[in-house]
Each structure stands twice: as structure tokens, then as C-alpha cells.
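In the numbering used here, the protein residues as written are 5 to 83.
Structure, as C-alpha cells:
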């Protein structure tokens with residue numbers, strides 16, 4: 005098991021973690037909206053829904069990336 009990263013009180017790192025967490029939320033919101041658009045598109049018989057599905061995949065990956073980045077950059081609490 006790798007050693008734990010040292011606790012940091014760097015305000016820049018905390019701001020970057022907050023920014024990454026906010027971007028993760030926006031990306032997951034976009035993912036949900038694109039899934040809804042894909043469903044509507046397919047229900048209407050429009051094959052353009054495939055583009056919405058691809059956009060949902062990209063947004064989902066961005067959400068996971070920024071969520072993991074926020075977790076990695078978050079200041080660790082020491083007991």
C-alpha cells in the first residue's frame with residue numbers, strides 16, 4: 005500500500021479541488037441532459053440520438069475525471 009500523501013493547507017490546492025468538484029457536477033448534469041435528449045430523440049424516431057449518446061459518454065468520462073481529481077487534490081484530514 006503506498007504511503008498516504010502529506011496533509012496540506014495550501015489554499016491554491018483547496019481552490020483547485022473546489023473547482024474540479026464544481027466541474028464534475030456540471031459534467032454530470034450535462035450527461036443527464038444529453039441522456040434525456042437521446043431518449044426524446046429516439047422516441048421521436050430520429051437517429052440523431054446516437055450523437056446525444058456519444059456526447060453523454062464524453063460528459064460522463066469528464067465527470068468521473070474531475071470527481072477523481074477533486075478527491076485527489078482535496079486536503080487530507082489528519083487525526
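Idealized CB from N, CA, C, for every residue including glycine.
Since the model is a prediction, treat every value here as computed from it, not as a measurement.
For residue 56, the number of other beta carbons within 10 angstroms of its own is at least 16, and it is reported as buried.
By the neighbour-count criterion, in which 16 or more other beta carbons inside 10 Å mark a residue as buried, residue 70 falls on the buried side.
Straight through space, the alpha carbons of residue 22 and residue 76 are spaced by roughly 11 Å. Residue 38 and residue 32 have their C-alpha atoms spaced approximately 10 Å apart. Inclusion of residue 35 and residue 78 in the CB contact set at 8 Å is not warranted, their separation being larger than that value.
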